[in-house]
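Asker: Structure below; questions to follow.
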Amino acid sequence: MNRLKSTTAILLISFVSLSCASYNAYQRAKTAEETKDWDAAVLGYEQALQISPTNREYQMALDRAKRESSRVHFEKGKTLRNAALEAKGNDQLRLAQLAATELQLTVRLDATNQYAAVELAKAVGLINDIQRATQESVSVDEIKKRAQSAITKAQPPQLNPASNEPISLTFSRDTPVKDIYRALGNAFGINVLFDQAVKDDRITIELRDVTAQQALERVMQAANHFYKVLDERTIIVVPDNPQARRDYEDLVIRTFYLSNGDAEQVTNVVRTMIEARNVFPLKALNAITIRDTADKVRIAEKIIEANDKARAEVVVAVELVQLDLNKIRDLGLAIAGFPAADGSLGASTRATITQAGADGARATFTGGSLQDLARVLGSVNDIKNNLSLTMPTATYSMLKTVGNSELLANPELRISEGEKATLHIGQRIPVPVTTVAGYSPGTTSNGQNQLVTPYTSFQYQDVGIKVAMEPRVHHNREVTLKLTVEVSNTGTPVDFGGQRQPTFATRTIESTIRLKDGETNFLAGLIQTNKIESNSKTPILGDLPFIGRLFTNSHNEESRTDLVLTMTPHIIRIPDITEEDLAPMWVGTGNNLTFRGVSPRIESQIGADPFVPGRSEQQFNPNNQRLADGEPGNYIQEPGNSDNGDNGDVVAQPAPTQGTAPNDPFRTPSTPPPANPNNPPPTPESRNELALPSTTPAASLASASTSSPTSSSSPVARAATVLATADDSGSLRVAPRIAAQPSTIALSPGETKVWNVIAMDVDGLTAPEIVLRYNPRAMDVTDVSLGSAIAVDPARPPIVSVDHNAGQIRVTSSDGKGLHFVGGGDVLAIRVHGGNPGETFLVLSNPEFRDGNGSTIVAAVAGGRARVQ
7 MNRLKSTTAI LLISFVSLSC ASYNAYQRAK TAEETKDWDA AVLGYEQALQ ISPTNREYQM
67 ALDRAKRESS RVHFEKGKTL RNAALEAKGN DQLRLAQLAA TELQLTVRLD ATNQYAAVEL
127 AKAVGLINDI QRATQESVSV DEIKKRAQSA ITKAQPPQLN PASNEPISLT FSRDTPVKDI
187 YRALGNAFGI NVLFDQAVKD DRITIELRDV TAQQALERVM QAANHFYKVL DERTIIVVPD
247 NPQARRDYED LVIRTFYLSN GDAEQVTNVV RTMIEARNVF PLKALNAITI RDTADKVRIA
307 EKIIEANDKA RAEVVVAVEL VQLDLNKIRD LGLAIAGFPA ADGSLGASTR ATITQAGADG
367 ARATFTGGSL QDLARVLGSV NDIKNNLSLT MPTATYSMLK TVGNSELLAN PELRISEGEK
427 ATLHIGQRIP VPVTTVAGYS PGTTSNGQNQ LVTPYTSFQY QDVGIKVAME PRVHHNREVT
487 LKLTVEVSNT GTPVDFGGQR QPTFATRTIE STIRLKDGET NFLAGLIQTN KIESNSKTPI
547 LGDLPFIGRL FTNSHNEESR TDLVLTMTPH IIRIPDITEE DLAPMWVGTG NNLTFRGVSP
607 RIESQIGADP FVPGRSEQQF NPNNQRLADG EPGNYIQEPG NSDNGDNGDV VAQPAPTQGT
667 APNDPFRTPS TPPPANPNNP PPTPESRNEL ALPSTTPAAS LASASTSSPT SSSSPVARAA
727 TVLATADDSG SLRVAPRIAA QPSTIALSPG ETKVWNVIAM DVDGLTAPEI VLRYNPRAMD
787 VTDVSLGSAI AVDPARPPIV SVDHNAGQIR VTSSDGKGLH FVGGGDVLAI RVHGGNPGET
847 FLVLSNPEFR DGNGSTIVAA VAGGRARVQ
């Protein structure tokens, strides 16, 4: 017996201990959740769930904490990745690794966040690119071997000339085109065959510094020919006409399996863009099969890759609060069954009338109207003395009822872009619908009238709160919601056809709103108030002065409904649009569609793109040579701009014999002439670049950035690549950046928005003050809040002053030691108010950052622009 008691006590103590442990862990997690420490909340909820795995409350709290924690890590990961793209050297690798760690935590916490998975893949790719750049570069021969081994036997042969060194050819007189082809074949070690339809026309052409492929294409464009590669060293030249194309061009059949796009829609795009007839969509596999030339199939591949993107997805967190207040007051004398306003008597009014005579027939009246009672009395011929009448009962009411109810819902809807999601919180009310089914007028065979039978069915009407939304995700991480909100409730029933029919009161809002990722929209003011007052009194007695109130019953009813609705969209997936998708694709002419370049070949591999940014005449020709019209890449030297002679005149070179190859087609290019002292390269100062003093180790990096093709970008973008120096000349740090975010906002007159000023890489720096200027006519500042990037001492907080007349915001320290910055992020949150229509710039003065040693740090500063319209 004692052993049983001991065992029971031990089990009870263990159960209480486990319960306390799980409850304590749950309380610690709730405390962490209140302080927005989501990582600690996740750990606490997991610990509590391990002790009590069947507790649904713990599981729901853990899921909520994981979602919030994943969002925090996701924002950190995106910020670190953007910083890594702007950083250089070891800082870039470190920031990329930190970004990958944050994004990996995001994916682990929320495996459904495809947006984070895409960003993680980009961060890992950035790390691989950085590490690959630090390794030894692979030789060109090795790359060629790898590319050659990757080519399968099913692909057509590729031209591989004996030499790809650029040469110059000049045929100054009318030369037979076949002789020119033979000269090119001898120069580059290519066997040239001719179709029987090729005519030996005469042309004049001059080629300078062209490869084998470029030379063949230039000549064939001039002679209206194209060629087909038979093997690595043999081509056949064919007249360029539709019939010859059909005879010589090889066709390719390929099937593309789509993952996200609709096969029929993508098929229409491909068929329209490349005018392909043999394109067939297969709905069962969501695939597209195409049969066409190799170039068209490759163009179709790029079109399909650009359009087969996963649609964006949004999780909309909806929070709904509905408050209902009901007040009812009944005061006075109420007589049950007393004639109401419609003249009806209650069921408690009962009369029994016995007719005179031997049979003693009775007529009974129970409830109804006064007219019904009169009709019953009129049906009796003679009334005996035994007439009985039961009078209704009287009740004095003194009742007051107050009721409050609250409806709280917090669902999260995951919606794909372009799809519609509907949320209904309420009930479904049956509504009777009566239909009459009968025959045509007439009688049956036995002379009886036709029967008409009514049928009653029920339709269900949704009553409550209905929210319908359709999202659209923009590329700037904003979400447009097409919103419909309907609030309905049951009204006072009405009589129709002898039946009581329900009525419904409805309020509907239709709107389209645009929110940022994580921005909350607040919808309130949907208030409905109903008041009902009625009085019923006893005839004659209720009309007496003073004492008439004792025979009067008053009924007052008041109801109020207040609805508050908030919606917060969170983007969890965006289309993976790459730089290659945004780049234009050069596909030739209308009569000759080729992949990336105007080429007379059957399968072109030229990578020339006239829309490549930064391509200019100066980049093509550093020696100030003029480009020939219609001949990109060929130079015409202007007199006085050549460095081949001492006097600047053009030095003529002997032309090769007509129709033959040059004497030395594979000659080594001559040494480039020295730079022209009269045209020195531009210095960083002349390009308006930001550069560091040449005494620092970063001078070479800064000067290298000035000579890059991006030197024509904005000063802010250029300054983002500058490396600031610390006091130790051997150490480098990423330059701090401070700018308005977003750089451009749109305001309506009277509209209020929050405009942020953010900073990056300012940890440990100080600044005397922050000064911003704006046009007070177009915009006014109503409030300025300090962000997390500025260290705030509660005893001596920074001083924020706004001069509304001059249009100036000034933030200074209260202790005279300057503003101290910690980490990065929001510096200021400026609440702006739209004024007169027009534009204004938010000008941000250089804050003059200084490090711990007092050295000035070069920073990238960017303001913003506001448009009021």
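Add 6 to a position in the sequence shown, counting from 1, and you land on the number used in this note's numbering.
Ideal Cβ placement from N, Cα and C applies to all residues, glycine included.
Measure the C-alpha to C-alpha separation of Arg100 and Ser517 and round it to an integer number of angstroms.
Answerer: 46 Å
Asker: If I follow the unbroken alpha helix (DSSP H) through Trp592, where does it start and stop?
Answerer: Note, Trp592: premise wrong, no alpha helix (DSSP H); not H, not E.
Asker: Per DSSP, what are the beta-bridge partners of Met573 in this structure?
Answerer: Val324 and Asn527
Asker: Measuring CA to CA, which of Ser807, Asp314, Val838 and Thr85 is closest to Leu817?
Answerer: A small fix is needed here, since residue 817 is Val in this sequence, not Leu. Selected option, being the one with the closest Cα: Ser807.
Asker: Exposed or buried, which one is Asn247 when buried takes at least 16 other CB atoms within 10 Å?
Answerer: exposed
Asker: What are the uninterrupted segments assigned as beta strand (DSSP E) that are 3 or more residues long and contained completely in the segment 791–836, given in chain order?
Answerer: 805–809 and 814–818
Asker: Would you call the segment 269–276 in contact with the segment 553–568, where contact means no fewer than 3 C-beta pairs closer than 8 Å?
Answerer: no
Asker: Out of Val321, Thr600, Met766 and Asp568, state which residue places its alpha-carbon closest to the alpha-carbon of Phe855.
Answerer: The shortest Cα separation from Phe855 among Val321, Thr600, Met766 and Asp568 belongs to Met766.
Asker: DSSP three-state label for Thr261, please.
Answerer: strand
Asker: Which same chain residues end up closer than 8 Å to Ala71 when comparing Cβ atoms and leaving out the 5 residues on each side of it in sequence?
Answerer: Ala35, Glu39, Trp44, Ala47, Val48 and Tyr51
Asker: Is the beta carbon of Leu753 closer than 8 Å to that of Val874?
Answerer: In this structure, Leu753 lies closer than 8 Å to Val874 by Cβ.
Asker: The beta strand (DSSP E) spanning Ser174 covers which residue range?
Answerer: Ile173 to Pro182
Asker: Can you check the segment 268–308 for any alpha helix (DSSP H) of at least 4 residues that lies completely inside it and give the ranges in chain order?
Answerer: 269–280
Asker: Taking 8 Å as the threshold, find out whether the segment 539–548 comes into contact with the segment 283–293 through three or more Cβ pairs.
Answerer: no
Asker: Within 10 angstroms of its Cβ, does Thr60 collect 16 or more other Cβ (buried), or is it exposed?
Answerer: exposed
Asker: Determine the extent of the beta strand (DSSP E) in which Glu775 is found, giving its start and end residues.
Answerer: Glu775 to Arg779
Asker: Per DSSP, what are the beta-bridge partners of Met766 in this structure?
Answerer: According to DSSP, Met766 bridges with Arg743.
Asker: Do Arg478 and Ile577 have their C-beta atoms closer together than 8 Å?
Answerer: Cβ distance not < 8 Å, so Arg478 and Ile577 don't count as in contact.
Asker: Looking at the structure shown, is Ala203 part of a helix, part of a strand, or coil, going by DSSP?
Answerer: Coil at Ala203, not helix or strand.
Asker: Between the Cα of Arg208 and those of Gly840, Gly191 and Ala229, spot the shortest distance and give me the residue it belongs to.
Answerer: Per the C-alpha coordinates, the member of Gly840, Gly191 and Ala229 positioned closest to Arg208 is Ala229.
Asker: In or out: Ala300 buried (at least 16 other Cβ within 10 Å) or exposed?
Answerer: By the neighbour-count criterion, in which 16 or more other beta carbons inside 10 Å mark a residue as buried, Ala300 falls on the buried side.
Asker: Excluding the 5 residues preceding and the 5 following Ala316 in the sequence, name in chain order all residues of the same chain whose CB lies nearer than 8 Å to its CB.
Answerer: Gln120, Ser265, Asn266, Arg579, Pro581 and Asp582
Asker: Quick one: Cα of Asp180 to Cα of Thr210, how far?
Answerer: 5 Å
Asker: Need the endpoints of the beta strand (DSSP E) that Lys234 sits in, please.
Answerer: Segment His231 to Asp237, the beta strand (DSSP E) holding Lys234.
Asker: Please classify Leu213 as buried or exposed, where buried requires at least 16 other C-beta atoms within 10 Å of its C-beta.
Answerer: buried
Asker: Which two residues bound the contiguous alpha helix (DSSP H) that contains Val78?
Answerer: Arg62 to Glu92
Asker: Three or more C-beta pairs under 8 Å: does that hold for the segment 178–193 against the segment 256–263?
Answerer: At 8 Å Cβ cutoff, the stretches do not touch.
Asker: Apart from the five residues on each side of it in sequence, which residues of its chain come closer than 6 Å, Cβ to Cβ, to Phe601?
Answerer: Asp301, Arg304, Ile305 and Ser610
Asker: Measuring alpha carbon to alpha carbon, tell me which residue in Leu109, Leu329 and Glu425 is nearest Ile471.
Answerer: Of the listed residues, the one whose Cα sits closest to Ile471 is Leu329.
Asker: Can you give the Cα-Cα distance for Arg263 and Thr526, rounded to whole angstroms?
Answerer: Sequence check: residue 263 is Tyr here, not Arg. For Tyr263 and Thr526, the distance between alpha carbons rounds to 39 Å.
Asker: Return the first residue and the last residue of the alpha helix (DSSP H) that Thr112 is part of.
Answerer: Unbroken alpha helix (DSSP H) run through Thr112: Gly95 to Leu115.
Asker: Between Gly880 and Gln103, what straight-line distance do the alpha-carbon atoms span, to the nearest angstrom?
Answerer: Outside the shown range of the chain (7 to 875) lies residue 880, about which nothing can therefore be said.
Asker: For Arg724 and Ala746, what's the separation of their Cα atoms in angstroms?
Answerer: Note on Arg724: pLDDT 36, under 50, position unreliable in the model; the coordinate value appears next. In a straight line, the C-alpha of Arg724 is about 17 Å away from that of Ala746.
Asker: Would you kindly report the start and end of the unbroken alpha helix (DSSP H) that includes Val48?
Answerer: Trp44 to Ile57
Asker: Counting along the chain, where does the alpha helix (DSSP H) carrying Gln249 start and finish?
Answerer: Pro248 to Tyr254
Asker: From what residue to what residue does the beta strand (DSSP E) around Phe510 run?
Answerer: Phe510 to Lys522
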